[in-house]
Structures are given as structure tokens and as C-alpha cells.
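Participant:
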Amino acid sequence: RGLSRMKLLQILGLLLGVVGANGSDYAMYVWTRSFDAFHPDCNGLYPPERDSPCFSHNWETPEARKHLWASCRATPGREVTRIFLADVWNRIKYSAGEDFLCDAALETTLNEAKARGIEVYALFADSTEAFSEKEMALAANQFNDNCGASFDGVAVNNEYFSQVRGCDNAENQAAQLKTLDDLKQTAQNASPMPLHFSVSWNWECCDCSDSSYRERTLTWDGKTKSALSHMIDIVDSVDVQVAYNLGSTMADRSETPYQYWDATKAGTTSSTQFYVLAYANPNESLCQLSFAPHLKGATEVPDICTKGNSERTEASMYQAFDEVVTAQPSARGGIHYHGGVYSTGMVGWPKHECSDDATWEFVKNNGKVKRCNWVANRPDRRCKKKDTSGVSAFVACCEACATYY
363 RGLSRMKLLQ ILGLLLGVVG ANGSDYAMYV WTRSFDAFHP DCNGLYPPER
413 DSPCFSHNWE TPEARKHLWA SCRATPGREV TRIFLADVWN RIKYSAGEDF
463 LCDAALETTL NEAKARGIEV YALFADSTEA FSEKEMALAA NQFNDNCGAS
513 FDGVAVNNEY FSQVRGCDNA ENQAAQLKTL DDLKQTAQNA SPMPLHFSVS
563 WNWECCDCSD SSYRERTLTW DGKTKSALSH MIDIVDSVDV QVAYNLGSTM
613 ADRSETPYQY WDATKAGTTS STQFYVLAYA NPNESLCQLS FAPHLKGATE
663 VPDICTKGNS ERTEASMYQA FDEVVTAQPS ARGGIHYHGG VYSTGMVGWP
713 KHECSDDATW EFVKNNGKVK RCNWVANRPD RRCKKKDTSG VSAFVACCEA
763 CATYY
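Numbering (the working numbering), first residue to last: 363 to 767.
1) Quick one, are the C-beta atoms of V516 and Y483 less than 8 Å apart?
2) Which residues in the same chain have their Cβ closer than 6 Å to the Cβ of R478, if we skip the five residues on either side of it in sequence?
3) Would you mind sorting G364 into buried or exposed? The rule is 16 or more other CB atoms within 10 Å of its CB.
4) Specify whether the segment 592-611 and the segment 553-563 touch according to this definition: at least 3 beta carbon pairs, one from each stretch, less than 8 Å apart.
5) When you compare the segment 493-505 with the segment 451-462, are there three or more beta-carbon pairs, one atom per stretch, that lie closer than 8 Å?
6) If you reduce the DSSP assignment to three classes, tell me which class Q635 lands in.
7) Just mark P402 as buried or exposed, buried being the case when its beta carbon has 16 or more other beta carbons within 10 Å.
8) Per DSSP, which residues does K587 bridge with? Please list them.
9) For the ligand SAM, is there a heavy atom less than 7 Å away from the beta-carbon of Y680?
10) With C-beta atoms as the reference, is V686 less than 8 Å away from V638?
11) For V392 and S574, what's the separation of their Cα atoms in angstroms?
12) Excluding sequence positions up to five away, which residues of its chain have a Cβ less than 7 Å from the Cβ of N473?
13) Pop quiz: V737 and A762 are said to be a contact at Cβ under 8 Å. What is the actual Cβ separation, rounded to whole angstroms?
14) Whose C-alpha, out of S524, T661, N643 and D601, is nearest the C-alpha of S692?
15) Would you check if the segment 652-661 and the segment 718-731 touch, i.e. whether three or more CB-CB distances between them fall below 8 Å?
16) Spatial neighbours of S610 within its chain, please: C-beta separation below 8 Å, excluding the five flanking residues on both sides.
17) For the candidate residues A536, K748 and T586, whose alpha-carbon lies nearest to that of V731?
18) Which first and last residues belong to the beta strand (DSSP E) in which C568 is found?
19) With a CB to CB cut of under 6 Å and the five nearest residues on each side skipped, what residues in its chain are close to E646?
20) Taking the straight line between their C-alpha atoms, what separation do you get for K746 and A501?
21) Count the other CB atoms, across all protein chains shown, that sit within 10 Å of the CB of R578; report buried if there are 16 or more and exposed otherwise.
22) Can you confirm whether the segment 398-414 touches the segment 422-439 when touching is taken to mean that 3 or more C-beta pairs between the two stretches lie within less than 8 Å?
Structure, rendered in C-alpha cells:
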């Protein structure tokens, strides 16, 4: 009595070596649209085109946000505590000047996340040579200054570096150095918020094979080191796209940048983090890149994949994260992305629904015990209440507090 079911599960996880071994505090990408495996036009199959009616906005409506918060807290010990939120640029670019505008749905999303202990980074992904994310980062700060909510950080997913990553071409090297300049300017524009950057594992090397490995080194800002080392120096946190669905390969591909981050960056700020990213969305042709149970446009769920992980499920993704954290204790899992296949109801990927924890209890000063039905009567005042273990009603009473902050 006094311990919620959620807390008991966390304690059980500790006893079984789950919590702590897997590394909680996951991050998750929240792109604009989410796949609905139960839509009658889709029959559980991810369509090749994103304009299909099988997709809906990931966070704009109360129902979508309720699903998102439930997905973040679905598995005790594997909570998502930081999200990279897309579809914000068009909502914040007019949030400066005398006639600034503040988007109500975005403000509500940020405030609801804050109440639930979830950090929200504004996600920008132009991925062009111009690196327009520099200006977008400024707009995130202007939004924070002028509107009734605030981002916790800025996240950038600019993959132009992949187009110019050749090592023996002067033009490519000049473009790589420009990327570092642009990234530094983006970090300055994001300040005082932290900057998160998504990198590819193979940006570290000219030749990434074990037999003839050759590091990609750049002399920038008076220092000669690998491209990823420079990037880690510039930003606050990174996720590494390892592009494979076996835990051992994920750990191997992220090992070099992890070791550098762990030696130079870990613990330097309260927000710095190193995430190893798992693709949880179908891709065009290579099944071993993702934990999705089939390729885009497949005709059966699951399809047959003869490479990589033989099991492509939520459980196998978590197992892969555990393998990574065993090798890299300070690393954390990153999920790409909510509504790709994660929390969609697709085979092997349960749809995480919002529900009240029947065992959660708040003890009043007079000794009376109250539960989620009591919270539901006055959610505006009671959702902030916590049980004796520190679990708030925002987390335990998901249904009662679904639209409150």
C-alpha cells in the first residue's frame, strides 16, 4: 500500500537487472505525421507514400498528444524523457517583432510536456548546403522570449555532410569545413538553449571497413581531429545513426564517437547526452537497417528479411539498446520515430494507450488515500499531486490528466 504499480515495476526491474542496465532517459524523434496501423485503408501495412490517409498529425490534437505522452511513459525503466519535435518552423518563424504570433497548439504541447517531465527540443531538418537551420535556431529563442511556453533545446538533422563526405577531394573537404562553421553558428544562435545534432556513424571514417579503416580527419579551429570529434565538441548532445538492427553492430558502429564523447563531454552540462539511434520506421529496400517488420509498400506483415536481426519488434529494439548500454554504459537509446512503427499497433509494436494506474495513491495530510478518480474531479488542481514514491498524477493518471498542465 502506498507504492503504485508503476513504482513496483521499476523496483522489480532493478531486481532483475533491467533498469539501469538498459539506461532509461531515452530520446525520440516526433516527426509531423504518425502511421495508424488500424486505419481501414492500410490493413497494418506502411504505404510507400506519406500522403496516404493512414497518417495523421503526431501532436496537434488533444488525442494525438494523449497518445504521445502515453508512448513516452509506456515501459517503466525505458521512459522517453526528451523528444525532438518537428513541424515547428512554420509555427514559430513569426514569433518575433511587434506583430509576433504564438501558435496555441505548440504552446499547449510544450506546457503539457513540461508538466510530465519531458523535454522538448525544436527539430529542424532542412538538410541543405545553406544550413538554414542556423536562422531557425534564432526563431526558437524568439518564441521562448515572446510566447507562453518554451523549448528546452534545439535539435538539428542536417544530413548534407553525407553528400560531401569524400576524403580525397578538395571541394568536399571545403564543404565539410563549412558544415563545421555552420554548426558552430547554429550552436551560438541556439544559446542559451543546448544544441543537439544527429550524425551518421560513417562520417567518422573515409574507409569504415575493419580491414582498412581510415579516419576522416579535418583541421578546423586550429585543431586536427576526426569530423565527428569536432561535431561533438561544438554541440551539447548527439545521436548516432548506426543504420542497423543488431545490437552488436549498433555498439560497434557507435563505439569510436562514444569513447570521445565519454572522455571529453560526459557530465560537462546537465543536458549533454549520447544517443544511439534505432530506426523504427520502414525504409525503401534494406530491411536490416530498421526494426520495422516490413519495407515500405510491402504486401505482408512481417515480410522476410535474411540479413540483420531476425526479429524486428519493439522487444528486439529494447534488447539491442541493452547490448549497446552494456558496451557503452553512459549511452542511451534513441527511437526514430514515434508513429513510424513505434506505438502504432503494427505487428510486434503495441500501440501504447493512455490509462489510469488503479494502484496509484495520494495520501492527504489527514491520512485519507486518494486515487485517479479523485484527481479526475479537479484535474486543474490535482494533477501535480505525487504519491509517496514521487510519481505524479500527470504520469500515473494519464486519462484523468490527459488535457491538463
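Think of the CB as a built atom: it goes at the ideal place given N, C-alpha and C, for glycine as much as any other residue. Quick caveat: nothing in here was measured; it's all calculated off a predicted structure.
Facilitator: In short, the structure shows the following:
1) Yes, Cβ-Cβ distance for V516 and Y483 is below 8 Å.
2) W431 and F756
3) Because G364 sits at a pLDDT of 42, beneath the cut-off of 50, its placement in the model cannot be relied upon, and the following sentence gives the value as read from the coordinates. Exposed.
4) yes
5) Segment contact: the segment 493-505 against the segment 451-462, three or more CB-CB distances shorter than 8 Å; contact assigned.
6) Annotated three-state conformation of Q635 is coil, per DSSP.
7) exposed
8) According to DSSP, which records beta bridges pairwise, K587 is partnered with L580.
9) Ligands displayed in this structure: none; no statement on the ligand SAM is therefore possible.
10) Result yes, Cβ atoms of V686 and V638 sit closer than 8 Å.
11) 37 Å
12) A511 and Y767
13) With a Cβ gap of about 5 Å, V737 and A762 count as contacting.
14) D601
15) no
16) E685
17) K748
18) C567 to D569
19) K658
20) K746 and A501 have their alpha carbons spaced roughly 31 Å apart.
21) Label assigned to R578: buried.
22) Segments in contact, no.
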